[in-house]
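Undergrad: Starting off with a structure, shown below.
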Amino acid sequence: MQFDFQAMKPMDRYELLLGTVLPRPITIVTTLSADGALNAAPYSLFNVVSHDPPVIMIAVLPHPERRLKDTAANVFATREFVVNLVPRSLAEAMNITNVDAPPGTNELALAKLESTRSTSVRPPRIAKSPVAFECRLLTSLSFNSDQAVLFGEVVTAFVSDDLVLDAAHGVIDAPKLNLFGAMHAARWYCSTTDRFEMVRFTWAQWTNEGKV
Ligand SMILES: Cc1cc2nc3c(=O)[nH]c(=O)nc-3n(C[C@H](O)[C@H](O)[C@H](O)COP(=O)(O)O)c2cc1C
């Protein structure tokens, strides 16, 4: 079946797109408003888009009131944000930070998540998040005035000591992160414990093995 995206309602497109492009990584983004109020919200439309320079993107969709969500408004005001990764142990707290609280509400306090000072940017990181990327806004894209795709340059990465396997080369104990993914219908999630391994090979290895 073909879906004509031009004919579909935006929320039906949302359902289809977010019900198929999955699993998605999950972050709680912490920001400060221009007057210093702490804001936190989960985002799963996010990923690494470059390592040189190191860049992370976050897609902030329109607020239902057709205005920018607080995360985007704060980033445009302060040009800084922190991308906190969310382990399974913080899933329920993450869900609380999703609440559509009025601007100025500290969602971390609602979720009983403690924050701690970041190294290079003013927004704090979440103390129990095993990995936090401190970002400065590099650039942004807008497809409409009520939404924004934010590209942040990572200036400092915090990784919990017990997860670092080789500090000199940035090797992290990925399974031990115990992260989880966002799935469909804005309410389903998956764990990352069901893994399989597949080694990448070069053309030379492939031909030496006589497979062509
Ligand atoms: C797991 C999860 C992932 C989410 N991902 C996004 C996302 O990528 N983009 C977005 O605009 N909203 C996303 N949301 C919804 C926002 O977190 C929600 O609208 C929040 O209230 C925005 O807060 P803010 O106005 O403080 O930025 C997500 C919610 C959850 C629970």
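When the count follows the UniProt record's numbering, it moves up by one through the sequence shown with no breaks and lands on 212 for the last residue.
Glycine included, each C-beta is placed from N, C-alpha and C at the ideal position.
1) Below 8 Å on the Cβ atoms is my contact criterion, and I expect T31 with F81 to pass it. Report the Cβ-Cβ distance as a whole number of Å.
2) Short of 7 Å in beta carbon distance, which residues of its chain neighbour K112, apart from the five on each side in sequence? Order them along the chain.
3) Which runs of the alpha helix (DSSP H), 4 residues or longer, sit entirely within the region 83 to 165?
4) Could you tell me which of P10, E15 and A41 sits nearest to A91, measuring between CA atoms?
5) For P87, collect the residues of the same chain with a Cβ closer than 7 Å to its Cβ; drop the 5 residues on either side in sequence, then sort them by chain order.
6) Who are the near neighbours of T71 in its chain, counting only those whose CB is closer than 6 Å to its CB and skipping five residues on each side?
7) If the criterion is Cβ atoms closer than 9 Å, does the pair P123 and L38 meet it?
8) For the alpha helix (DSSP H) containing residue 242, name the first residue and the last one.
9) Grab me the residues of D166's own chain with a C-beta within less than 6 Å of its C-beta, minus the 5 sequence neighbours each way, in chain order.
10) Does the distance from the C-beta atom of I58 to that of V164 stay below 9 Å?
11) When the Cα of A151 is compared with those of W203, R79, A204 and R200, which residue comes out closest?
12) Looking at ligand 1, does it come within less than 8 Å of Y14, judged from the CB to the closest heavy atom?
13) Ends of the alpha helix (DSSP H) at M11?
14) Kindly indicate which residue of R200, F143, A182 and V171 has the alpha-carbon position closest to the one of T192.
TA: Walking through what the data contain:
1) 5 Å
2) A93
3) 91 to 97 and 107 to 110
4) A41
5) P130, L177, N178 and L179
6) V29, T31, A41 and V60
7) yes
8) Since the first residue of the chain shown is 1 and the last is 212, residue 242 is not available in this structure.
9) none
10) no
11) Before going on, a small fix: residue 151 reads as Phe here, not Ala. Checked all of W203, R79, A204 and R200; the closest Cα to F151 is R79.
12) no
13) P10 to L18
14) A182
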